[in-house]
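All remarks here apply to the structure that follows.
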Amino acid sequence: MKYDSPTILMCPPDYYGIEYEINPWMSRSQQSDLEVARQQWESLYALLQKLGARIELLTPVKGLPDLVFTANAGLIWKDRVFLSLFRHEARQGETAVDRDWFQQAGLETIEMPEDYFFEGAGDALFCGDTLFAGYLIRSDVKAMQWVAAEMNCRVIPLQLIDEFYYHLDTCFCPLSETEAIYYPPAFDSYAQQALQEHIPHLIPVVDAEAQRFACNAVVIGKSVALNTGCPELEQALLERGYTPHSTPLDEFIKAGGSAKCLTLRLDGECVAVWP
């Protein structure tokens, strides 16, 4: 499948809610307001269209509340997608739905080997020709190495050490081949050093803005869509020539997600250089 413009997969939040607890953000006693969540999702949808993205839609399925977080459906590579194999049983039903959509869209689907937990673009992000791979909390390092071998690309595993930042895209966001946003305390010391050695320009986010999911942003060219409440990051982006566009996404933070989690770039991220 060839795309002639930035193309993003999203899933309306018709059945979104906190039905289980699989990360520290989730509490069944603190439910999301579905009407507000719908308004926030629609605002993000409209913003991304305004920024030049074409949006494809995945049909929501009752009983799969996290299907709305399409970033976890898989990792796109050319006309293929490496399907996720979720660690938590509560999310494992999403894979069949994702598989069907990708196949109907003309993408070749690649299954993970048995017991190789892998949570798609939530934990695997290209910055240039290197795949940066978050592991330990959700995805396995062996799964990341297998995916990189299939693509014949360099992979740099990054160990995540804070349960609140359980996916790589909650604490790391490539902006260009040489720039990225990150939250250092989410990584072990080796991972912090690896990021500093391989990405020349890193923008650290402060604790308060990391908790607003500042790193969970969508990059389209020089535009960056992100949650509200991140003024320091917005200023840093402006200084580097980017235009931040904030939109409220608090109802999705209740489940541990924000702008990036709600999207999957079908044409590949702007900063990805595939081998």
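Here the numbering used here is used: the first residue of the sequence shown is 190, the next is one more, and so on.
The beta-carbon is built from N, C-alpha and C at its ideal position, and this holds for glycine as well.
Point to revise | leucine 223 versus lysine 251: straight-line alpha-carbon distance, rounded | key: Sequence index remark: in the sequence shown, residue 223 carries index 34 (1-based). Sequence index remark: in the sequence shown, residue 251 carries index 62 (1-based). Answer to the nearest angstrom: the Cα atoms are 14 Å apart.
Check your understanding: Where isoleucine 326 and glycine 410 are concerned, what is the direct C-alpha to C-alpha distance, given to the nearest angstrom?
Key -> The residue you call residue 326 lines up with position 137 of the sequence shown. The residue you call residue 410 lines up with position 221 of the sequence shown. Between isoleucine 326 and glycine 410, the C-alpha separation is close to 30 Å.
Review point. Since cysteine 419 and glutamate 398 are thought to touch, with beta carbons under 8 Å apart, how far apart are those beta carbons, to the nearest angstrom?
Key: Position 230 of the sequence shown, counted from the start, is the residue given in the question as residue 419. Position 209 of the sequence shown, counted from the start, is the residue given in the question as residue 398. Indeed, because the Cβ distance is near 4 Å, the residues count as touching under 8 Å.
Check your understanding: histidine 434 bridges to which residues according to DSSP?
Key -> Taking the sequence shown and counting its residues from 1, the one referred to as residue 434 is at position 245. For histidine 434, which the question treats as bridged, DSSP gives the partners Ala414.
Exercise for review: Sort Ser412, Val336, Ser328, Trp230 by Cα distance to leucine 198 and report the nearest one.
Suggested key: Here residue 198 refers to the residue found at position 9 of the sequence shown. Comparing Cα-Cα distances from leucine 198 to each of Ser412, Val336, Ser328, Trp230, the minimum goes to Trp230.
Practice item. Report the residue from Gly446, Tyr324, Asp396 whose alpha carbon sits nearest the alpha carbon of leucine 422. Key: For the purposes of this step, residue 422 is taken as residue 233 along the sequence shown, with counting starting at 1. Looking at the Cα atoms, Asp396 is the closest of the given residues.
Check your understanding: Which of the three DSSP states, helix, strand or coil, is assigned to phenylalanine 271?
Key -> Mapped onto the sequence shown, residue 271 falls at position 82. Phenylalanine 271 falls in the strand class under three-state DSSP.
Review point. So is threonine 359 buried or exposed if we call it buried at 16+ other beta carbons inside 10 Å?
Key: To locate residue 359, count along the sequence shown from 1; it is residue 170. Label assigned to threonine 359: buried.
Review point. Is the beta carbon of glutamate 301 less than 8 Å from the beta carbon of glycine 445?
Key: The residue labelled residue 301 in the question sits at position 112 within the sequence shown. The residue labelled residue 445 in the question sits at position 256 within the sequence shown. This sequence places methionine at residue 301; glutamate is not what is there. No.
Exercise for review: Identify, in the order they occur along the chain, each residue of the same chain with its Cβ nearer than 6 Å to the Cβ of valine 407, setting aside the five sequence neighbours on each side.
Suggested key: Here residue 407 refers to the residue found at position 218 when the sequence shown is read from its first residue. So the list reads Ala414, Ala448, Lys449, Thr452, once near-sequence residues are dropped.
Practice item. Ignoring anything shorter than 4 residues or poking outside the region 257-335, list the alpha helix (DSSP H) runs there in chain order. Key: 278-281, 283-293
Exercise for review: Give a yes or no on contact between the region 305-312 and the region 420-440, applying the rule of three or more CB pairs nearer than 8 Å.
Suggested key: no
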